[in-house]
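Here is the structure we will look at.
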Amino acid sequence: MTKGYKMPEGFLWGGASAAHQMEGGWQEGGKGLSIADVMRAGAKDVPRIEDDKVLDGEVYPNHWGVQFYSHYKEDIKLFAEMGFKCFRLSIAWTRIFPNGDEAVPNEAGLAFYDDVFATCKQYGIEPIVTLAHFEMPLKLVKEYGGFRNRQVVDFFVKFAETCFRRYHNQVKYWMTFNEINNQTSWRDAHPMLQNSGVIFKEGENKEEVMFQAAHLEFVASAQAVQIAHAIDPTLQVGDMIAMSPIYPLTAKPKDVMMAERAMRYRYYFGDVQALGEYPQWLLNYWDQKGYQIDVTEADRAILKAGAVDYIGFSYYNSGAVEYKDDNPDMVYDEPNSQVPNPYVPRSDWGWQIDPVGLRYAMNWMQARWNKPMFIVENGFGAYDKLEDDGSIHDDYRIKYLSDHIAEMEKAVVIDGCNLIGYTPWSAIDIVSASTGEMKKRYGLIFVDANDEGQGSFERRRKDSFYWYQKVIKSNGAEL
Ligand code: BG6
Numbered sequence: 009m010t011k012g013y014k015m016p017e018g019f020l021w022g023g024a025s026a027a028h029q030m031e032g033g034w035q036e037g038g039k040g041l042s043i044a045d046v047m048r049a050g051a052k053d054v055p056r057i058e059d060d061k062v063l064d065g066e067v068y069p070n071h072w073g074v075q076f077y078s079h080y081k082e083d084i085k086l087f088a089e090m091g092f093k094c095f096r097l098s099i100a101w102t103r104i105f106p107n108g109d110e111a112v113p114n115e116a117g118l119a120f121y122d123d124v125f126a127t128c129k130q131y132g133i134e135p136i137v138t139l140a141h142f143e144m145p146l147k148l149v150k151e152y153g154g155f156r157n158r159q160v161v162d163f164f165v166k167f168a169e170t171c172f173r174r175y176h177n178q179v180k181y182w183m184t185f186n187e188i189n190n191q192t193s194w195r196d197a198h199p200m201l202q203n204s205g206v207i208f209k210e211g212e213n214k215e216e217v218m219f220q221a222a223h224l225e226f227v228a229s230a231q232a233v234q235i236a237h238a239i240d241p242t243l244q245v246g247d248m249i250a251m252s253p254i255y256p257l258t259a260k261p262k263d264v265m266m267a268e269r270a271m272r273y274r275y276y277f278g279d280v281q282a283l284g285e286y287p288q289w290l291l292n293y294w295d296q297k298g299y300q301i302d303v304t305e306a307d308r309a310i311l312k313a314g315a316v317d318y319i320g321f322s323y324y325n326s327g328a329v330e331y332k333d334d335n336p337d338m339v340y341d342e343p344n345s346q347v348p349n350p351y352v353p354r355s356d357w358g359w360q361i362d363p364v365g366l367r368y369a370m371n372w373m374q375a376r377w378n379k380p381m382f383i384v385e386n387g388f389g390a391y392d393k394l395e396d397d398g399s400i401h402d403d404y405r406i407k408y409l410s411d412h413i414a415e416m417e418k419a420v421v422i423d424g425c426n427l428i429g430y431t432p433w434s435a436i437d438i439v440s441a442s443t444g445e446m447k448k449r450y451g452l453i454f455v456d457a458n459d460e461g462q463g464s465f466e467r468r469r470k471d472s473f474y475w476y477q478k479v480i481k482s483n484g485a486e487l
């Protein structure tokens, strides 16, 4: 055990998850097809392929997840045993509006989350809810073009309003779009992780399409914020940013400038959602590129009035860039512009491990956006071994989490960052989003299932379960 700092009274310790990676039950209770339901399994360096319907003979891991749909009472009880004060989950859009464009919501889907939230309440666990976590109804992707289309703004807002009205007494903390800035990787667009439901067409300017789609998501998110406040002024609605600070590889001024270009490009999403307006550099950039982004006066007013209440963010790693002579304009091209950082180690999946980057990022965000923050994902994807006696010795995960929590605590206690809570990814093993693998495990609780969805789905406490229990009990003092 290492010594940490105690967090402020009422700090929300918990764990995180997402519906498509956890629930399974893809056809239960009237659920419709989401984009995640047509994503095949991939692997490290093998991208997931998306089909336009479910094909016989293909493997779709999100169809079973870890069967939270049928195990949620048992799972929430285990979270309570760990001492969770909160539990981050997402509402599967397709349980509430199976195709996304229905006039009335699906009562069976709404009732499912009624009971999930009631079960949380029974144990004094506060649900933290993401509305769209890579789970757009497939019909909105295929027939409406996702957030290319303003109609999808209305569909999202209706979904959000339905959830706020139904659950505002059970759920105080909400987030609109998970990792909305994943779209900066538009060159390698992955339709599910892109989150906007946009599938690029041959020959179109992908960057321009990305800016337009992101704009409509901002409008949808800002409208949702305003509606939430009108329904219940105590509701807190955050954005959700994939935070991976980009360092200059060296102190060469051009490397430093290149890193600044990367940061403003990756995090303009946060500028718009937290400050309610576009940064001037981006408006200039659109002009220089000749992009015609449809941003109306009405949109601008909505963005301003719908700034988020807090910054939800994930943190897994940091990145680095260097200036190259063949890129005199310092265009940030993600992920191609990134270079390995020789000062940090990597996980088995090549993710750079950098706990100090979390403290750095928190200070950067506090200074830039000056809002309360919530770490809603931070974790270590690794191979776990189930021992003959049923134990799982995941000391590598304990080390990763402990090192990150130590830096988080310094950011709060020493630096004065305003942090609401911490929910490591993931509360329980889930299907990996980028690879569709089960063996890339993140959970504090082990689920007996393999990449093909075979296994007993029995839950087992990992060593990290008992370790985290002590962290929470000591309010962060025992790491
Ligand atoms: C975040 C997502 O990108 O990272 C999660 O919000 C995801 O859904 C997590 O699971 C870890 O990534 P991966 O691809 O290893 O599952």
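Per the working numbering, numbering of the sequence shown is gapless, rising by one per residue and ending at 487.
Think of the CB as a built atom: it goes at the ideal place given N, C-alpha and C, for glycine as much as any other residue.
All values reported here derive from a predicted model rather than from experimental measurement.
Under the three-state reduction of DSSP, which class applies to P363: helix, strand or coil?
-> helix
Exposure of E415, with buried meaning 16 or more beta-carbon neighbours within 10 Å = buried
Taking the alpha-carbon positions, what's the V316 to G65 distance?
-> 43 Å
In three-state DSSP terms, what is P145?
-> Three-state result, P145: strand.
Between G205 and the ligand BG6, is the CB less than 7 Å from at least one heavy atom?
-> no
Where does A435 sit, in a helix, a strand or coil, going by DSSP?
-> In this structure, A435 counts as coil in the three-state DSSP scheme.
For Q288 and I311, the rounded distance between their alpha carbons | Checking the sequence, you will find Leu at residue 311 rather than Ile. Their backbone Cα atoms lie some 15 Å apart in a straight line.
Compare the beta carbon distance of D392 and D403 with 8 Å and say whether it is the shorter of the two.
-> no
Own chain, CB closer than 6 Å to K214, minus 5 neighbours either side, in chain order = W194 and F208
Thinking just about the alpha-carbon of each residue, which of L257, I99 and T192 is nearest to the one in V179?
-> I99
Would you say L487 and G38 are within 8 Å of each other, going by their C-beta atoms?
-> no
Unbroken alpha helix (DSSP H) run spanning V280, endpoints | P261 to L283
Continuous beta strand (DSSP E) stretch holding P113: start and end = First-last for P113: undefined, no H or E at that position.
Check each candidate in I84, F95 and Q202 and name the one with the smallest Cα separation from F382.
-> F95
Return yes when the C-beta of F142 is under 7 Å from any heavy atom of the ligand BG6, and no when it is not.
-> yes
What are the boundary residues of the beta strand (DSSP E) that includes F87?
-> No beta strand (DSSP E) contains F87, which is instead part of the alpha helix (DSSP H) from F76 to M90.
What separation, rounded to the nearest whole angstrom, lies between the Cα atoms of H412 and K166?
-> 38 Å
Return yes when the Cβ of R469 is within less than 8 Å of the Cβ of I480, no when it is not.
-> no
Kindly identify the DSSP beta-bridge partner or partners of G320.
-> M248 and F382
Between the Cα of D196 and the Cα atoms of W433, P363 and P343, which residue gives the shortest distance?
-> Nearest C-alpha to D196: P343.
Pick from I438, V227 and H141: whose alpha carbon is nearest that of Q202?
-> H141
Is any heavy atom of the ligand BG6 found at a distance shorter than 7 Å from the C-beta of A111?
-> no
Hey, would you say L409 sits closer than 8 Å to S326, going by beta carbons?
-> no
Rounded to whole angstroms, how far is the Cβ of S322 from the Cβ of M251, which I believe are closer than 8 Å?
-> 6 Å
Can you tell me which of the three DSSP states A26 falls into?
-> coil
Starting from W182, follow its DSSP beta bridges and name the residues at the other end.
-> V137 and V245
Indicate the three-state DSSP secondary structure (helix, strand or coil) for L97 in the structure shown.
-> strand
Just the C-alpha distance for V206 and W372, rounded to the nearest angstrom, thanks.
-> 30 Å
Delimiting residues of the alpha helix (DSSP H) encompassing P199 | P199 to Q202
So what's E121 in DSSP terms, helix, strand or just coil?
-> A small fix is needed here, since residue 121 is Tyr in this sequence, not Glu. It is helical.
Skipping 5 residues on each side, what residues in its chain have a beta carbon closer than 6 Å to that of G451?
-> Once the five neighbours on either side are set aside, the close Cβ partners of G451 are S434, I436 and D437.
Return the residue from the list N292, K14, G23 and C171 that minimises the CA-CA distance to I133.
-> Nearest of N292, K14, G23 and C171 to I133, Cα basis: G23.
Under the three-state DSSP convention, the category L427 falls into | strand
Spatial neighbours of F87 within its chain, please: CB distance less than 7 Å, with the 5 preceding and 5 following residues excluded, ordered by chain position.
-> G23, F95, I133 and A435
Helix, strand or coil at E58 [DSSP, three-state] | The answer is strand: DSSP assigns E58 an E or B state.
Mark G117 as exposed unless 16 or more other C-beta atoms lie within 10 angstroms of its C-beta, in which case mark it buried.
-> buried
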